[in-house]
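*Asks:* Protein chains in written order, with this note's numbering: chain A, -12 to 407; chain B, 9 to 450. By construction, the Cβ of each residue, glycine as well, lies at the ideal position given by its N, Cα and C atoms.
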Amino acid sequence: MYRFAIALLVAFHFGCGSTGAEDLVLMAAKAYTAHGPAIEPAVIVIRDGKIAELGAKIELPAGAHVVDLGDAVLVPGFVNAYSQMGISGGSSELTRELTPDFEVLAAIDWESRAFREAVDEGVTTVGISPGTDNVVAGIALAAKTHGKELRRRVLRPNAGLVMTLASDPRSRNRSRSRPDSIYVRQPTNRMGVVWMLRRAIQGARRDESASGVLAEALQGERRIYCVSRTHFDIETIARVAEEFDFAPVIVGGEESHRLAELLATRKLPVILGPLRTSVAAGTEQTDPVWNRAGVLRQAGVQIAMSGPSLLEQARFAVRFGLAADDALRAITCVPAGILGIDERVGTLQAGRDADVVVLDGDPFEFTTNVQAVIIGGAFVVPPDRRTREPGEANQTVGRHAAGSQSRPAPQRTQSGPNSP
Amino acid sequence: MKHRSTTIPLLLWGLLTAQIAAAQPLAIKAGRVIPIAGKPLEDGVILIRDGKIDAVGKGLAIPIDAKVIDAGGKTVMPGFVDVHNPSGMSQANERNQNVPFLSVVDSIDPSRTYFKESRRNGVTTAAVVPGNSTMIGGQAAVVKTAGRYVDDMILKRHAGLKISLSPGSNASRMSHLANLRKELDKARRAVKKEDEEQREKKDAVEKKNAEDKDADQGQADRDAGGVAKPGASFNAASSAEQQLAAMKSLLRGQMSAFIYCQNAMDVVQAIRLTEQYKLKTILVLGQDCYRAAQEIAASKLPVILGETLVFWKTDPRTGDDEKIVVPKIFHENKIPLTFQINDTSNATLGSRYLWYQAATAVKYGVSVEEALESITLRPAKILGVDQFVGSLEPGKDADLVILSGHPLKLNTWVEKTIVGGEVVYDREQDQELRGLLDPQAD
């Protein structure tokens, strides 16, 4: 019902006004910015797809369209730091184990349903990495989950270099019986995986003037992500990283809670893989521990979450012991920072992209629904219905009108001619 | 002889203490009682005697000999009822597609993780039902989630027959349904024949009685309606007879039918079978069955939703993506909801928990009261055990759950689970949970 009302409101907003570049103003009961204290009530002025201003009391710009979201709570659009979202076909090159200059950009179907699903859950930005079957897999990117123009949708085509130090690269040898096969793959155990990685790094190091992707990454020009889940894999990559003096982001980290101290002192951030609530062991026989996030955070490790149902994962993490504000940061500004796009997304503050999730209640309750999602200042959920049902502009907007009366309205000195 | 002299006193002592323990009343002082039947009570008291609820109310006098559980500030509600789950048994499906005489009771292992997890999550009653890929898969049983032996746990032994409308991997839908009908028809003929024979016998007896008033009435009584207890007839010698006996009790309405519908077209078939064979049907729905919501609503049959409540699908022709919110669709069609839970690895994060399923329904517009009923009293009614469980009312079994707060809030945990007046789960004693939440402690 609430969502329907919003759809009407959006239709109203677009139906009456021209589609020009006038300001959009969101008013809601509360906003968690992932940057400073919560703002209550919250007013956000959006100009040219960016947040122009936000606060509890703001003088509204002339001619602005005001969308009153009533009791809604606003949070920054969520950032999923690590995924294989939208990759069409295989996500790993199976004829080679070291593919540092492979770019995931070439493999993504931008129309994939996965992006629609992500937007619907409030995920507005996503890090996309090649798969985990190669020792050095290639170059990850960071992109918005919605947008017609690809050039604007990709925030960073080279968000980092992805490598895997886990059981995946050693278990893909499909040609044990056919040594002449093009699919013959070398590492068949963890030692082989590490040996290959070392050799590749040494190769890149040896040539001082190397301009290769790996060399750049080692010189700190590029983030290095390393997929490692078990505690011994994490220890190994920490050792290799110390040896060659780089600072990887640990991805997966299912047993990272055991190394919380080490990760904190070495300042290695962790992108946690999907949270499991099962009490059974994981794919690599990892410990089923529910409060990894809480343990890591308590030790001072930077954590981000990844995987499907990001908000739901954050909710369960809170249930299991992570502080609510840390949980919000773990799905917004921290992953944005890891992906190197925190100047654009991850927080609600002036100058950032207007990527906003509208919730119908406390973010950390299972009964709270995502009511609307705004990316770059445009309503993506519910879909923009400008073209479909312009006639609906004349209908009344039930709950919003009631919502705006039930709480002290922010100062609205110069509300636009079309504001409800 | 020597042995007996020691065992008898021991046995007597055991009996005595058991009796004392059973006789000691239990009183729970609750911050809030949600009885499901009736309005929530603030600061209510629940009195329990002999494993049954004696009284629920405000300001009740607590017997002086009662053991008191102080749940001040906490919420007490009936234990949750898991309405359909094969997880309590060891192997849910049979290779033989026609095994109506099998009973899950022979396969229930009280020490399974499922039961432990159930108690931890406030589930006190569970229907253990055979899986979805056997045509006539055997008989379900309703059990309590606590007990040392399966016999201690059974609440209803012959709770229903599982029928699947989804054909196995090497059968077509046509042959699957034809086989099912063949079995049902066979049973129907047998029932008819039996009824006729009994009528004749009765007539003969009456005739004989008229002639000889000293006739042995008892024998005739015993013969008449020989299938009154479904279990009684299962001692039949051959498996063909066993099969028939089980199917007969299904057609006589002594057992309900859990009919699994994989997709919407199966729902229509299930409704048709229900009408034709006068079955007491419970629809077990796959996620695609939302398309038949209107037909389900019109049939008024009880439904059990699959564990996936929200999913996406793409129209193969137009390529349009659509988000399907199953509880919303059913709620809009005024169909009372019940939920399944599942612990498989591909399940969504919360679909292991009944309270999470209820919270999801609330998220999409179902009222809290309705959602709570759908995990307690409604499943109990569907399973035909609502005279024992499902709500906090005098006379019902003392199966309840003490929660740290509102049942659907994020930070609420099951503090204690009580089955038959006995505490069967206590969060303070739950070392495994402590390990999951605080791995550094050990």
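#1: Decide yes or no for the touch test of the segment 91 to 109 of chain B against the segment 131 to 144 of chain B: beta carbon pairs closer than 8 angstroms, at least 3 of them.
#2: Out of 117/A, 108/A and 296/A, which one is the CA nearest neighbour of residue 73/A?
#3: Flag this pair as yes or no: are the beta carbons of residue 154/A and residue 248/A separated by less than 8 angstroms?
#4: Using a Cβ-Cβ cut-off of 8 angstroms (strictly less than) and excluding sequence neighbours within five positions of residue 246/A, which residues of its own chain qualify?
#5: 8 angstroms is my cut-off, CB to CB: does residue 264/A come that close to chain B?
#6: May I have the straight-line CA-CA distance separating residue 262/A from residue 206/A, to the nearest angstrom?
#7: Name the chain B residues that come within less than 7 angstroms of residue 275/A, Cβ to Cβ?
#8: In the structure shown, what three-state DSSP assignment does residue 122/B receive?
#9: Interface residues of chain B around residue 244/A at Cβ under 9 angstroms?
#10: Does residue 357/B come within less than 8 angstroms of chain A when only Cβ atoms are used?
#11: Taking only beta-carbon atoms, is residue 416/B less than 8 angstroms away from chain A?
#12: With DSSP collapsed to three states, give me the class of residue 431/B.
#13: What residues in its chain sit with their C-beta under 6 angstroms from that of residue 211/A, if we drop five residues either side in the sequence?
#14: With a floor of 4 residues, list each alpha helix (DSSP H) that falls wholly inside the segment 181 to 211 of chain A, ordered by position along the chain.
#15: Pull out every residue of the segment 57 to 90 of chain A whose Cβ sits closer than 7 angstroms to any Cβ of chain B, in chain order.
#16: Runs of 3 residues minimum, wholly inside the segment 26 to 113 of chain A: which ones carry the beta strand (DSSP E) assignment?
#17: Quick one: what's got a C-beta closer than 8 angstroms to residue 74/B's C-beta in the same chain, skipping five residues either side?
#18: Could you list the residues in the segment 298 to 314 of chain A with a C-beta less than 7 angstroms from some C-beta on chain B, going in chain order?
#19: I'd like to confirm the pairing. Which residues does DSSP put opposite residue 250/A in its beta bridges?
#20: Considering only residues of the same chain and omitting the five flanking positions on each side of residue 323/A, which have a CB-CB separation below 8 angstroms?
#21: Could you name the residues that DSSP lists as bridge partners for residue 268/B?
#22: Cβ of residue 111/A less than 8 angstroms from any chain B Cβ?
#23: What is the DSSP secondary structure of residue 263/B, counted as helix, strand or coil?
#24: For the beta strand (DSSP E) containing residue 37/B, name the first residue and the last one.
#25: Reducing DSSP to helix, strand and coil, say where residue 359/B ends up.
#26: With a threshold of 16 other CB atoms inside 10 Å of the CB of residue 359/B, please say whether the residue is buried or exposed.
#27: Does the Cβ of residue 183/B have 16 or more other Cβ atoms within 10 Å, making it buried, or fewer, making it exposed?
#28: Please state the DSSP three-state secondary structure of residue 187/B.
#29: Using the C-alpha atoms, what's the distance from residue 191/B back to residue 90/B?
#30: Does the segment 103 to 112 of chain A touch the segment 350 to 363 of chain A, meaning 3 or more C-beta pairs lie closer than 8 angstroms?
#31: Between the segment 89 to 105 of chain A and chain B, which residues of the former have CB atoms less than 8 angstroms from a CB of the latter, in chain order?
#32: Could you confirm whether any beta carbon from chain A is found closer than 8 angstroms to the beta carbon of residue 100/B?
#33: Take residue 96/B as the anchor and find which of 343/B, 124/B and 321/B has the nearest alpha-carbon.
#34: Please list the terminal residues of the continuous alpha helix (DSSP H) segment that includes residue 227/A.
#35: What does DSSP give as the partner residues of residue 320/B in its beta bridges?
#36: Beta carbons nearer than 9 angstroms to chain A: which residues of the segment 34 to 60 of chain B have them?
*Replies:* Per the coordinate set shown:
#1: yes
#2: The shortest Cα separation from residue 73/A among 117/A, 108/A and 296/A belongs to 117/A.
#3: For residue 154/A and residue 248/A, no; Cβs fall outside 8 angstroms.
#4: 218, 221, 222 and 225
#5: Yes, its Cβ sits closer than 8 angstroms to a Cβ of chain B.
#6: 33 angstroms
#7: 444
#8: helix
#9: 447 and 448
#10: yes
#11: Yes, contact with chain A.
#12: Residue state, collapsed to three classes: strand.
#13: For residue 211/A, where only same-chain residues beyond five positions count, the Cβ hits under 6 angstroms are 148, 204, 233 and 235.
#14: Taking only runs of at least 4 residues, the alpha helix (DSSP H) segments lying wholly in the segment 181 to 211 of chain A are 200 to 205.
#15: none
#16: Qualifying beta strand (DSSP E) stretches, in chain order: 29 to 34, 37 to 42, 52 to 55, 60 to 63 and 65 to 70.
#17: 32, 33, 34, 35 and 55
#18: 299, 300, 302, 303, 305, 306, 307 and 308
#19: Looking at the DSSP assignment, residue 250/A forms no beta bridge with any residue, so it has no partner.
#20: 66, 112, 329, 331, 332, 333 and 334
#21: 172/B and 292/B
#22: no
#23: coil
#24: 34 to 41
#25: coil
#26: Buried.
#27: exposed
#28: helix
#29: The alpha-carbon of residue 90/B is positioned some 29 angstroms away from that of residue 191/B.
#30: yes
#31: 100, 103 and 104
#32: no
#33: 124/B
#34: 218 to 231
#35: In the DSSP assignment, the residues bridged to residue 320/B are 331/B.
#36: none
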